[in-house]
Structures are given as structure tokens and as C-alpha cells.
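Asker: This is the structure I have questions about; it appears just below.
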Amino acid sequence: MLLQTALPSRLPAEQLAALRAQVAQAQSDRGPALPFGIPEIDTRLAGGGIAGASLHEIAAASAGWADDAAATLFAAGIAARFAAENGMTVLWALSRFDLYAPGLEQAGLGPHKILYAQAKKDAEILALAEDALRDGSLACVIAEVRSADQTATRRLQLAAADGRTPMLLYRRHRTRERNPLSQPSSAMTRWSIGAAPSERLPHTGVGRARWHVDLLRQRGGAPFSLVLEACDDQGRLALPAAVADRTAAPAGATIRAA
Numbered sequence: 051m052l053l054q055t056a057l058p059s060r061l062p063a064e065q066l067a068a069l070r071a072q073v074a075q076a077q078s079d080r081g082p083a084l085p086f087g088i089p090e091i092d093t094r095l096a097g098g099g100i101a102g103a104s105l106h107e108i109a110a111a112s113a114g115w116a117d118d119a120a121a122t123l124f125a126a127g128i129a130a131r132f133a134a135e136n137g138m139t140v141l142w143a144l145s146r147f148d149l150y151a152p153g154l155e156q157a158g159l160g161p162h163k164i165l166y167a168q169a170k171k172d173a174e175i176l177a178l179a180e181d182a183l184r185d186g187s188l189a190c191v192i193a194e195v196r197s198a199d200q201t202a203t204r205r206l207q208l209a210a211a212d213g214r215t216p217m218l219l220y221r222r223h224r225t226r227e228r229n230p231l232s233q234p235s236s237a238m239t240r241w242s243i244g245a246a247p248s249e250r251l252p253h254t255g256v257g258r259a260r261w262h263v264d265l266l267r268q269r270g271g272a273p274f275s276l277v278l279e280a281c282d283d284q285g286r287l288a289l290p291a292a293v294a295d296r297t298a299a300p301a302g303a304t305i306r307a308a
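Everything in the sequence shown is counted per the working numbering, starting at 51 for the first residue and increasing by one.
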């Protein structure tokens, strides 16, 4: 009778060490950075912008509809700028199709720029995103999930580096009490986006929307906070006029506009 020899117990640890080494290499190669065009942001970002071959995570500051919309449009604006060249397309993978197309277009991401992929489970969405990243033909990949463990984010980071494609992982709120960015992650940056009071106008009406933009974590740099005006139809953010007129604070400082 043949006896099966058990695999060495250290094999999983060796595989984990190899995966960590791959992720470290992928993270060291950030790819071309996409600047925001706002010195108060770009000078604080390692590399001067959003790394173009890396994983970035975004979450709404709360489970409320206003913060969810702000986070969605923040992701759309970044993707729109990555897809600014003619013929470039963004893949948006999700399990529940609740996107408002006119709103995305107002953030610069028109219907001719988006491919949608819908799946039932987070695992399927993450697999779709990984395959799309490795293909390397897309301007950007966005995936909406409620849960992604550290192994999943490592795989996305590796796939983004392999395909030289930016990955925006939108972590949706599972409950009102739990922060979706509390899970460990291999993301290069982690952003929390919330709605802020809009600009006051001298007449009746609503001014340009504003967002609380908090970079909670980044590799190679410090976190910071800003209040910014929402994306225009080119996906570009802006500093409120009262803030733009001020002298920029030293790099690494935390700013919160009133």
C-alpha cells in the first residue's frame, strides 16, 4: 500500500513569504502617477499623484446616501481622468446596479467611457477585476464590494502592477457601525469621502458641491484632510476659493477647511 507523504508544514509560510515579496515588488513599482492638479494634494502624495499601476481604496465617510454619492463620484472623477484619451475605457464591476449615469457624466465619465460588469458575490467581482487588470487594455478598473480580505487586496495589487492599470476598490458599508476601511489591506492609498456644505451663493440656489476628502493612509507619505469642491465635467477637483487664496501649509500638515 502506498503511503501519502504530508507536505512540509512550512510550505504555507514559504508561499506567504513569496507572495509578500511579490507585493512588495509591485508596490515599489507604482507606475506613472496621475496628479490631481492641486498642489495642496499632489505635494502630499508620494509620487505626486495617484499611482497608475496600483490599488487604491475608497469608502464613504458614513452609510448615508450623500456620503455614498460623494465617494462614488470621487472614484468616477479619478477614473475619468485616467480615461481622458480617446478610445480609453473604464470597467465598473458591481453586484447591485444603482449608479446614476447622468451623475457620472457630470463627473467626466460619460457612457461611451464605461463598461459595466455585474456579479452576485464579492468574490466574483474581485475575480472580474483581477482578470480585467491583468488584461492591461483598460484605462482603469473600479470594483464595488462589501468585503475584501488582505489576500484579495494583495492579488489586486499584483494584478494592477502586472497590467499597468490603476485599480479603485470602492468598499461599501456593510453596517452603519462598521468602518469599511477597518480591514487590513495592501492598497497604496485609502480614502474616506464625505459630503460637506456647498458654497453659499449670493442668490437662491445650490452652489458647487463640496466634499470632505480624507487620505487615511498612504505608502511613503503622511495622511491628510481637505475640503474640496466636487468634480467638474472633466473629473477635476478644486480648492474652495477661500482656501486657494491661503498660503499652503507645510508638507505633511493636516488641513481642514471650514
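Cβ atoms here follow ideal geometry from the backbone N, Cα and C, with glycine treated the same way.
Does the Cβ of E64 have 16 or more other Cβ atoms within 10 Å, making it buried, or fewer, making it exposed?
Answerer: Per the 10 Å Cβ criterion, exposed.
Asker: Under 8 Å Cβ to Cβ from P290, same chain only, skipping five residues before and after it: list those, please.
Answerer: If we look at P290 and ignore the five residues flanking it on each side, its Cβ neighbours are E249, R260, V277, L278, E279 and A307.
Asker: Let's see if you can read the secondary structure: which residues bound the beta strand (DSSP E) around F147?
Answerer: Run containing F147: none; DSSP gives neither H nor E here.
Asker: Which residue's Cα is closest to the Cα of L218: R224, S242 and S232?
Answerer: Answer by Cα proximity: S242.
Asker: Taking the alpha-carbon positions, what's the G98 to I91 distance?
Answerer: Those two C-alpha atoms are separated by around 8 Å.
Asker: For R240, report the span of its alpha helix (DSSP H) as first-last.
Answerer: Not the alpha helix (DSSP H): R240 falls in the beta strand (DSSP E), residues T239 to A246.
Asker: Measuring only the C-alpha atoms, how far is A237 from G257?
Answerer: Going from the Cα of A237 to the Cα of G257 covers about 34 Å.
Asker: Near A96, what residues of its chain come up, given a Cβ to Cβ distance below 7 Å and the 5 sequence neighbours on each side ignored?
Answerer: Q268, R269, G270 and G271, listed in sequence order.
Asker: So, helix, strand or coil for I108, using DSSP?
Answerer: Residue state, collapsed to three classes: strand.
Asker: Using a Cβ-Cβ cutoff of less than 7 Å, which residues in the same chain neighbour Q156 once the five nearest sequence positions on both sides are dropped?
Answerer: Closer than 7 Å at Cβ, skipping near neighbours: D283.
Asker: To which residues of the same chain is I88 closer than 8 Å at the C-beta, ignoring the five residues directly before and after it?
Answerer: Excluding positions up to five away in sequence, the list reads L278, L287, A288 and L289.
Asker: Does the segment 117-124 come into contact with the segment 172-189, if we say contact requires no fewer than three beta-carbon pairs (one atom in each stretch) closer than 8 Å?
Answerer: Too few Cβ pairs lie closer than 8 Å, so no.
Asker: Would you kindly work out how many angstroms separate the C-alpha atoms of R94 and T239, rounded to a whole number?
Answerer: Computed Cα separation, rounded: 12 Å.
Asker: Using the beta-carbon count (16 or more within 10 Å), is L52 buried or exposed?
Answerer: With a pLDDT of 36 at L52, under the threshold of 50, the modelled position of this residue cannot be trusted; read the value that follows with caution. By the 10 Å Cβ count, L52 comes out exposed.
Asker: Of all the options A129, P247 and A103, which has the alpha carbon lying nearest to the alpha carbon of G160?
Answerer: For the residues A129, P247 and A103, the minimum Cα distance to G160 belongs to A129.
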